[in-house]
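For the record, in the sequence shown the residue sitting at position 536 is 536 according to full-length UniProt numbering, with numbers rising by one throughout. C-beta: ideal position from N, C-alpha, C; glycine also. Everything numeric in this text was worked out from a predicted model, so none of it was measured.
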Amino acid sequence: MGNEAIARGALEAGICFASAYPGTPSTEIVESLASVAKEAGIYVEWSTNEKVAFEAAYAAAISYVRSLVAMKHVGVNVAADILMSSGYAGTNAGFIIVSADDPGQHSSQNEQDNRWYGMLSHIPVVEPSSPRDAYKLVKEAYRLSEKYKQPIIFRSTTRISHTRQPVLLEEDVPAEKKCRGKFERTIERWVLVPAHGRKQKRRMMNVWKQIREEEGHPPFITVFNPGRRKVIIADGIAYAHVAEALELMGKTNEYTVVKVNLPVPLPYKPIVETLQDAKHVLIVEELDPVVEMQVKQVMYENGLAPDLHGKDFVPENGELDLDTVYRSIALFEGREPVAPWEPMKPLDLTPKIPPRPPVMCPGCPHRNTFYIVKVAANKARSKNPIFTGDIGCYTLGYQKPFYTQMTSFEMGGSIGVAHGLSKVVDEPVIAVIGDSTFYHAGIPGSINIIYNKGKSIVLVLDNFYTAMTGHQPHPGTGKTAMGEETYRVPIEKILETIGFETYVINPMNVKESINKVAEAFEKYKEGKPVAIVSRMKCALQAIRDARHKGIKLPVYTILQDKCTGCMVCVNLLGCPAIIVPKGAKKPVILSELCAGCGLCAQVCPFNAIVLKEKGSPNWIEAWF
């Protein structure tokens, strides 16, 4: 996989330090490194957020230890402060910042093009066209970083990160690595007060110009079929689509193709040489016209005037694919974009699979918590609460029957937005945030509520893991990325220390939890800062742990003779294990999906839901 290729390339380059905060599509890079960390003799960590991860890895690099930090594209927003400064100060050992972008928004709130961060920070951007390319280019990126003593942004995308390709390994992971560094007290370089920063910017700009002038050669720029009148310039994954489209069209020899793996800053010499002979030029790139903008600058500076097209033919939105790129080339040629290959036929699936939006898993503790909070709000007569949401599995609370996420902007945003709302609206405001997200970006917002006399409830859903990205550990898990036991940082203690009156609930005990949360609403009405920590392990991890330990979880069933068909269990819980068979008037529980949480049994008004199979005597241990 592309992310594994990036990890392997970094290992072969001799890194000794890697850090990250998990986020799709970047997660498997540091997961792969963590799985071999002790064997490879390197240090790997899941940091509390991307800024902290960047700072830690950068510290290693300025101390002559090769390092890597990885994050998804929106994570670079969190790390932007130190990113900008690192471009000024530079580095002493190879330092790679992997930005895994997400064109098409497969699992993200936007599809920003992080090549702009290279332009903004004056940090070079290296971009592969395949997993094989990624494996090789990571090593070249470390060479580039050390040659110019400058960090390098390594831009992957979902398609690169999660595509699989055979990769022939070129070398072993070095047994001898520099893992102990030395910090040189070069005050002018590391202390970026204005007088020092102005000097460092001149250094940075000289590096920028050098790279533009000197790196216009393979593997960063490769020119195929030079001298043709028609030219396509393509960077990253766009090159792979262009190469395949031209081959299928039988037009490979008609075009000069410029493969760009260093889009920022774009080395200008091969562009000038290629465009001197060209009459028609098409620039193919994913998302924004970053390369197109630089090519136009090169044309202007060198008096070149071929007919140039880019985003007038290539979409600016969404992920590129073969068909889209083919259509762009056909438009460029001035003909009807009818593909010369047979379009893929949809699979004939019988029966047809109905559309299935993402749902919370059977046994998910968030389902329990959302039910508890809404019932408690009614009990406390706190009408029409506003729920501000965050980034995690619990974002699915925006759906029926919960409606417990009414905003979702960025990591930690629930608390800041809740505070602002509480200052201008009359309804109660509840900030819903996950445990990993709380450690990541929720603590400053929580402090802000206390300091500025805010009035909103902070609800932390503690399921022990960074569950949405694959159950990576965090400061509340009790284990490090490398599997070592560590202190479990209690969220409630942080909130209590800040100044919140904090309630900890077990969402498996529904009635007790409703009473506690109702009490919290009463305190909130009195104007006191209130926080609720709902603690119960992620259902997927609980089931996994139960299997490993030989624990049998209970299974519930619905007694059809006692069931009245009121549909409370269906309409209030939305559990995938509870279905209404076609033509039936009463629900049933699918035994193979039931996780044994017992929420349905606790909400059934007619006691029609009972145990079908008892769990092991210690089954509760799997959940906590």
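| message | According to DSSP, is Ala13 part of a helix, a strand, or is it coil? | response | Working through the sequence shown from its first residue, we reach residue 13 at position 13. Correct three-state label for Ala13: coil.
Next item on the list: Report the three-state DSSP secondary structure of Phe313 (helix, strand or coil).
Entry: If you number the sequence shown from 1, residue 313 lands on position 313. Phe313: coil per DSSP, three-state reduction.
> Thinking just about the alpha-carbon of each residue, which of Val533, Gly454, Ile15, Val298 is nearest to the one in Ala175?
Replying inline: Taking the first residue of the sequence shown as 1, we reach residue 175 at position 175. Looking from the CA of Ala175, the closest CA among Val533, Gly454, Ile15, Val298 belongs to Ile15.
Quiz item: For the candidate residues Glu111, Thr395, Ala7, whose alpha-carbon lies nearest to that of Val36?
Solution: Counting from 1 along the sequence shown, the entry for residue 36 is found at position 36. Checking every option, the nearest Cα to that of Val36 belongs to Ala7.
Along the chain, where does the alpha helix (DSSP H) containing Val264 start, and where does it finish?
Reading the sequence shown from its first residue, position 264 is the one you call residue 264. Segment: none, Val264 is in no alpha helix (DSSP H) and carries neither H nor E.
message: I need the boundaries of the alpha helix (DSSP H) containing Thr158, first residue and last residue.
response: Here residue 158 is taken as the residue at index 158 of the sequence shown, counted from 1. It spans 158–162 - the alpha helix (DSSP H) in which Thr158 sits, taken as one unbroken run.
* To do: Name the one or two DSSP bridge partners that Asp545 has.
  => In the sequence shown, counting from the first residue as 1, residue 545 sits at position 545. Under DSSP, no beta-bridge partner is assigned to Asp545.
### Query
Does the segment 95–106 come close enough to the segment 36–51 that 3 or more CB-CB pairs lie under 8 Å?
Contact between the segment 36–51 and the segment 95–106 is absent: fewer than three C-beta pairs spanning the two stretches fall below 8 Å.
- Task: Verify the CB distance criterion: does Glu526 have a CB-CB separation below 8 Å to chain B?
- Result: Absence of chain B from the displayed structure is noted, only one protein chain being present.
I need the straight-line Cα distance from Glu613 to Pro554, nearest angstrom please.
Within the sequence shown, numbered from 1, the residue matching residue 613 stands at position 613. Within the sequence shown, numbered from 1, the residue matching residue 554 stands at position 554. The straight-line gap from Cα to Cα measures roughly 5 Å.
Q) Which of helix, strand or coil does DSSP assign to Thr469? A) On the sequence shown, residue 469 is found 469 positions in, with the first residue counted as 1. Here Thr469 carries a coil assignment [DSSP, helix/strand/coil].
Thr350 in three-state terms, based on DSSP: On the sequence shown, position 350 is the one that residue 350 refers to. DSSP places Thr350 in coil when its eight states are reduced to three.
*asked:* Could you check whether the segment 505–520 touches the segment 478–492, counting it as contact only if at least three pairs of C-beta atoms, one from each stretch, sit closer than 8 Å?
replied: Not touching, per the Cβ criterion.
Cβ distance (whole Å) where Phe313 is taken to contact Leu282 below 8 Å: Start at 1 with the first residue of the sequence shown, and residue 313 comes out as number 313. Start at 1 with the first residue of the sequence shown, and residue 282 comes out as number 282. About 7 Å separates the Cβ atoms of Phe313 and Leu282, confirming a contact at the 8 Å cut-off.
How is the beta strand (DSSP E) around Lys72 delimited, first residue to last? Indexing the sequence shown from 1 puts residue 72 at position 72. 67–72 is the span of the beta strand (DSSP E), which, as asked, contains Lys72.
### For Thr388, the three-state DSSP class (helix, strand or coil)
Numbered from its first residue, the sequence shown carries residue 388 at position 388. Residue state, collapsed to three classes: strand.
Tell me the rounded alpha-carbon separation between Pro219 and Leu68. In the sequence shown, the residue the question calls residue 219 occupies position 219. In the sequence shown, the residue the question calls residue 68 occupies position 68. Near 21 Å, if we compare the C-alpha coordinates of Leu68 and Pro219.
inquiry  = Buried or exposed, going by whether 16 or more other CB atoms sit within 10 Å of the CB of Phe183?
reply    = Residue numbering aside, residue 183 sits at position 183 when the sequence shown is read from its first letter. That one is exposed.
### Message
For Pro226 and Leu33, I'd like the C-alpha separation in whole angstroms.
### Response
In the sequence shown, residue 226 corresponds to position 226, counting from 1. In the sequence shown, residue 33 corresponds to position 33, counting from 1. Just so you know, the alpha carbons of Pro226 and Leu33 end up roughly 40 Å apart.
Check your understanding: Between Ala481 and Glu45, is the Cβ-Cβ spacing less than 8 Å?
Key -> Working through the sequence shown from its first residue, we reach residue 481 at position 481. Working through the sequence shown from its first residue, we reach residue 45 at position 45. Judged by their CB atoms, Ala481 and Glu45 are nearer to each other than the 8 Å cut-off.
Does the separation of the CB atoms of Ala134 and Ile160 fall below 8 Å? Looking up residue 134 in the sequence shown gives position 134. Looking up residue 160 in the sequence shown gives position 160. Yes; because the gap between Cβ atoms is below 8 Å, this pair is in contact.
- [ ] State the CB to CB distance for the pair Ala79 and Trp190, rounded to an integer number of angstroms; the pair is presumed to be in contact (CB under 8 Å).
- [x] Here residue 79 is taken as the residue at index 79 of the sequence shown, counted from 1. Here residue 190 is taken as the residue at index 190 of the sequence shown, counted from 1. Contact annotation, Ala79 with Trp190: C-beta distance approximately 18 Å; criterion of less than 8 Å not satisfied.
* Taking just the CA atoms, how far does Asp545 sit from Met84? -> Mapped onto the sequence shown, residue 84 falls at position 84. Mapped onto the sequence shown, residue 545 falls at position 545. Their backbone Cα atoms lie some 43 Å apart in a straight line.
Within the same chain, show all residues whose beta-carbon is closer than 8 Å to that of Trp619, passing over the 5 residues directly before and after it, in chain order. Your numbering for residue 619 matches position 619 in the sequence shown. The beta carbon of Trp619 sits closer than 8 Å to the beta carbons of Ala546, Ile551, Lys552, Leu553, Pro554, Gly596 from its chain, once the five residues preceding and following it are set aside; these are given in chain order.
Can you name, in chain order, every residue of its own chain whose Cβ lies under 7 Å from the Cβ of Gly389, other than the five neighbours on each side? Position 389 of the sequence shown holds residue 389. Same-chain partners within the cutoff: Thr395, Gly397, Tyr398, Gln405, Met406, Thr407, Ser408, Ser414, Val432.
Inter-residue Cα distance where the pair is Gly94 and Ala10 = As a first step, residue 94 must be located in the sequence shown, where it is residue number 94. As a first step, residue 10 must be located in the sequence shown, where it is residue number 10. Distance between the alpha carbons of Gly94 and Ala10 is about 10 Å.
With burial defined as no fewer than 16 other Cβ atoms inside 10 Å of the residue's Cβ, what is the status of Gly470: buried or exposed?
-> Taking the first residue of the sequence shown as position 1, residue 470 is located at position 470. Exposed is the call here.
- Task: In angstroms with no decimal places, state the Cα-to-Cα distance between Lys259 and Thr252.
- Result: The residue given as residue 259 occupies position 259 in the sequence shown. The residue given as residue 252 occupies position 252 in the sequence shown. Rounded to the nearest angstrom, the two C-alpha atoms are 13 Å apart.
I'd like to know whether the C-beta atoms of Ala5 and Pro131 end up nearer to each other than 8 Å. In the sequence shown, the residue the question calls residue 5 occupies position 5. In the sequence shown, the residue the question calls residue 131 occupies position 131. Against a cut-off of 8 Å, the Cβ pair of Pro131 and Ala5 comes out as a contact.
How about Ile430 and Leu459: do their beta carbons lie closer than 8 Å? Counting from 1 along the sequence shown, the entry for residue 430 is found at position 430. Counting from 1 along the sequence shown, the entry for residue 459 is found at position 459. Closer than 8 Å, so yes.
Q.
If distances are taken between C-alpha atoms only, which option among Tyr465, Pro22, Ala418, Asn463 comes closest to Ile447?
A. What you label residue 447 is simply residue 447 of the sequence shown in a count that begins at 1. The option with the nearest alpha carbon to Ile447 is Ala418.
Going by DSSP in three states, Gly434 sits in which element: helix, strand or coil?
As a first step, residue 434 must be located in the sequence shown, where it is residue number 434. In this structure, Gly434 counts as strand in the three-state DSSP scheme.
(Q) For Asp141 and Gln200, I'd like the C-alpha separation in whole angstroms. (A) As a working note, residue 141 is residue 141 in the sequence shown. As a working note, residue 200 is residue 200 in the sequence shown. Note on identity: in this sequence residue 141 is Ala, with Asp being the wrong assignment. So the two alpha carbons sit approximately 22 Å from each other.
Once the 5 residues before and after Leu573 are set aside, which same chain residues still bring their CB inside 8 Å of it? Walking along the sequence shown from the start, residue 573 turns up at place 573. Apart from sequence neighbours up to five positions away, the residues of its chain that approach Leu573 with a beta-carbon distance below 8 Å are Arg367, Tyr371, Pro401, Leu599, Cys600, Val603, ordered along the chain.
Quiz item: Exposed or buried, Gln294, counting other C-beta atoms within 10 Å across all chains shown (16 or more means buried)?
Solution: By one-based count along the sequence shown, residue 294 stands at place 294. Around the beta-carbon of Gln294, 16 or more other beta-carbon atoms lie within 10 Å, marking it buried.
Pull up the DSSP beta-bridge partners for Asp235, would you.
Taking the first residue of the sequence shown as position 1, residue 235 is located at position 235. Val260.
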